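In this note's numbering, the protein residues as written are 5 to 475. Every residue, glycine too, gets a C-beta built ideally from N, C-alpha and C. Keep in mind that this is a model prediction, so the values were computed, not measured. Here the structure comes first, spelled out in structure tokens, and everything after it is commentary.
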Amino acid sequence: MGLNKRINKLCGRRTIFYALLAFMLMLGFPRSLRAQQPVFKKGDRVCFVGNSITYNGGFFHQIALYYATRYPDMDLEMINCGVPGNVAAQVIARMDSDILANKPTICVLKLGMNDVDKTLYTKQAGAEPGIEARRQQALDTYQKNYESIIQTLLKYCGRVILQTPTIYDETAALADVRLPGRNHALKKCAAIVKEFGVKYNLKVVDYWGPMDEIGRKYQQADSTRTIIGPDRVHPGAMGHFIMAYEFLKSTEFRQEVSSLQLSAVHLTGPVQVNGMVTAIQYQDGGISFNWKEGALPFPVADDAKPALELVPFIPELNRENLKVTGLKAGNYQILVDGKQAGTYSGTQLSAGINLSQNSHTPQYAQSVRLLGLFQELWQLESKVRYVRALEAGRMRARNYSVAGAEDFFAKQITAAKDTTTTAYKNLLSFQKDYMPVKRQQADMILKMKALHGQIYVENKPVAHHYEIIKQ
């Protein structure tokens with residue numbers, strides 16, 4: 005056999021060998037180490053469409069913070085399109101003026117809590133003839149209108165993510181009146197959403213199933229505990245954090261903040277994920293290096309931290325791993341940019357440590373500053389959304405000018421001639437609450453845009469100098 009033929013045959017065998025090896029390694033690697041494609045894309049305008057739970061914003065605020073820290077260059081805009089009390093038919097009514105007017109590139113839809121109609125599950129209603137038929141009619145209406153929303157969003161937005169409803173907590177021992185059967189109706193809504201996910205080949209985030217299971221387990225030790233809230237409907241900070249976890253777990257994401265593995269005895273080169281290590285030096289049984297990560301750790305707000313006992317957010321979605329093998333027995337001090345970040349044993353460092361919740365690192369401090377900027381943004385958002393939700397609902401329009409809003413109230417007040425009626429008093433109260441915020445709306449929107457820009461400047465990771473010193 006000629007030399008060229010032997011070389012070609014050898015290369016062919018090597019090609020097959022390496023292809024098989026790569027395939028086997030891919031199968032053997034945990035999912036977290038494979039390339040992940042985030043569900044959102046750079047520059048996306050994401051409309052979260054729903055009722056009061058969406059209006060509160062807590063769960064997608066956490067998602068926004070996650071993406072800003074995990075994908076610093078993505079620059080997403082997440083838009084609150086929730087209106088308290090909405091059912092699917094009302095979302096259809098405000099579709100053009102309040103949702104599509106935002107020119108979304110992707111919409112995330114969650115409805116159901118109001119669609120099942122709580123009045124159908126009172127004790128009195130349960131004794132009425134034909135109640136089961138009325139309950140089924142509510143579900144049928146939900147199904148029909150929900151599909152109409154999907155079709156419209158697919159036509160004009162293109163990309164859609166469906167979410168099942170959250171639970172109605174009818175198992176907790178709370179003061180608020182229990183409505184037996186309402187949560188089971190929401191389970192049926194969740195099944196409807198999943199069916200549409202299959203029919204239209206859309207990603208579905210299931211909240212109802214996991215939250216029902218988590219809530220029941222949480223109440224085993226204390227029946228008064230709830231992951232929702234005292235009204236059995238609206239999640240608090242803990243519930244919204246669990247929702248964010250379920251969303252991120254159910255969609256494509258990068259689980260690691262970063263990962264770095266070094267050998268203190270030069271046996272292997274560095275193994276790095278989502279970062280770049282340079283200037284490695286070995287000295288006095290320790291090691292130093294510069295490490296620039298591609299992301300920041302996620303800062304969990306204090307009011308959401310109880311949720312960490314219920315969902316494995318940190319080990320699954322917030323791993324900032326540092327591993328140093330070959331260290332001698334004993335304790336080691338970690339300095340980052342010359343400041344103490346903790347003391348760990350050689351055994352701990354050899355096994356690997358997760359720095360994501362270490363509040364002494366400069367990258368954690370950077371994340372906390374970002375959280376503060378987001379909180380400023382969310383406070384403004386809540387006021388702007390208050391105005392827009394009222395305009396989309398009670399005022400039957402969107403984006404009144406200040407003069408237009410004043411004219412609206414002048415006409416409404418004139419029409420309500422009897423100043424002693426409850427409706428008239430409510431109208432005056434509505435005007436008193438709405439108009440001061442409306443007059444500030446334009447300035448608040450400008451401040452929100454400035455904060456958004458600032459977030460995506462200050463969320464960029466920088467290199468830090470690490471020293472691991474034997475004590």
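So which of the options has the shortest CA-CA distance to residue i?
{"i": "G240", "options": "V53, I57, I153, P440", "result": "I57"}
{"i": "S262", "options": "T123, I472, R323", "result": "R323"}
{"i": "A142", "options": "M117, I103, N106, I96", "result": "M117"}
{"i": "I165", "options": "G47, P88, D210", "result": "D210"}
{"i": "E260", "options": "P310, R220, N325", "result": "N325"}
{"i": "P301", "options": "K122, V340, P366", "result": "P366"}
{"i": "Q226", "options": "A248, A177, Y460, Q265", "result": "At residue 226 the sequence reads Asp, which differs from the Gln that was named. Out of A248, A177, Y460, Q265, A177 has the C-alpha closest to the C-alpha of D226."}
{"i": "R373", "options": "A396, M399, N463", "result": "N463"}
{"i": "G243", "options": "H270, Y390, A369, P169", "result": "P169"}
{"i": "D437", "options": "F200, A92, L266, L394", "result": "L394"}
{"i": "D77", "options": "E471, Q458, Q475, H469", "result": "Q458"}
{"i": "F257", "options": "D341, V43, P316", "result": "V43"}
{"i": "L190", "options": "G213, L314, P303", "result": "G213"}
{"i": "H65", "options": "L450, L375, I110, Q370", "result": "L375"}
{"i": "Q352", "options": "H364, Q337, K343", "result": "Q337"}
{"i": "L359", "options": "L80, I318, A308, E410", "result": "I318"}
{"i": "D121", "options": "R389, P440, S101, Y172", "result": "Y172"}
{"i": "G298", "options": "K474, E320, V466, F63", "result": "V466"}
{"i": "R400", "options": "R186, A97, K127, E151", "result": "A97"}
{"i": "L331", "options": "A407, L266, V340, G346", "result": "L266"}
{"i": "Y125", "options": "A308, N187, I246", "result": "N187"}
{"i": "V441", "options": "E250, L312, Y390, E136", "result": "Y390"}
{"i": "D288", "options": "S433, S254, K474, M215", "result": "K474"}
Could you tell me the alpha carbon to alpha carbon distance between residue i and residue j, rounded to whole angstroms?
{"i": "T282", "j": "L384", "result": "42 Å"}
{"i": "V277", "j": "G290", "result": "22 Å"}
{"i": "T418", "j": "A129", "result": "39 Å"}
{"i": "K387", "j": "L157", "result": "26 Å"}
{"i": "G350", "j": "T230", "result": "41 Å"}
{"i": "G163", "j": "V87", "result": "The displayed chain sequence assigns Arg, not Gly, to residue 163. One C-alpha to the other measures close to 21 Å."}
{"i": "V202", "j": "L431", "result": "45 Å"}
{"i": "F378", "j": "T426", "result": "39 Å"}
{"i": "K46", "j": "Y460", "result": "12 Å"}
{"i": "Y222", "j": "L314", "result": "8 Å"}
{"i": "R49", "j": "P133", "result": "47 Å"}
{"i": "S36", "j": "K451", "result": "Bear in mind that the predicted position of S36 carries a pLDDT of just 37, short of 50, making it unreliable; the figure below should be weighed with that in mind. So the alpha carbons of these two residues sit roughly 38 Å apart."}
{"i": "I284", "j": "N106", "result": "49 Å"}
{"i": "V304", "j": "S363", "result": "11 Å"}
{"i": "C111", "j": "C51", "result": "5 Å"}
{"i": "P274", "j": "I357", "result": "16 Å"}
{"i": "A308", "j": "A194", "result": "25 Å"}
Residue range of the alpha helix (DSSP H) that residue i falls in?
{"i": "L384", "result": "366 to 396"}
{"i": "Y71", "result": "62 to 74"}
{"i": "E462", "result": "426 to 462"}
{"i": "V406", "result": "406 to 419"}
{"i": "I96", "result": "92 to 97"}
{"i": "A105", "result": "From DSSP, A105 is part of no alpha helix (DSSP H); its letter is neither H nor E."}
{"i": "G130", "result": "127 to 130"}
For the beta strand (DSSP E) containing residue i, list its first residue and its last residue.
{"i": "M280", "result": "279 to 287"}
{"i": "H469", "result": "467 to 474"}
{"i": "G86", "result": "81 to 86"}
{"i": "G54", "result": "49 to 54"}
Based on the DSSP secondary-structure assignment, which residues constitute the bridge partners of residue i?
{"i": "V164", "result": "C111"}
{"i": "L264", "result": "Q276, L326"}
{"i": "N358", "result": "N325"}
Can you find a CB in chain C that lies within less than 8 Å of the CB of residue i?
{"i": "A137", "result": "Absent from the structure is chain C; it holds one protein chain and no more."}
Taking 7 Å as the cut-off, is the CB of residue i close to at least one heavy atom of the ligand ADP?
{"i": "P303", "result": "Among the ligands in the structure shown, none appear at all, so the ligand ADP cannot be discussed."}
| request: Please list the segments of the alpha helix (DSSP H) lying wholly inside the segment 278 to 353, counting only runs of 4 or more residues, in order along the chain. | output: Unbroken alpha helix (DSSP H) runs of no fewer than 4 residues, entirely contained in the segment 278 to 353, are found at 317 to 321, following chain order.
| For the segment 176 to 260, which segments carrying the alpha helix (DSSP H) assignment without a break, of at least 4 residues, lie completely within its bounds, in sequence order? | Listed in chain order, they are 186 to 204, 212 to 222, 241 to 254.
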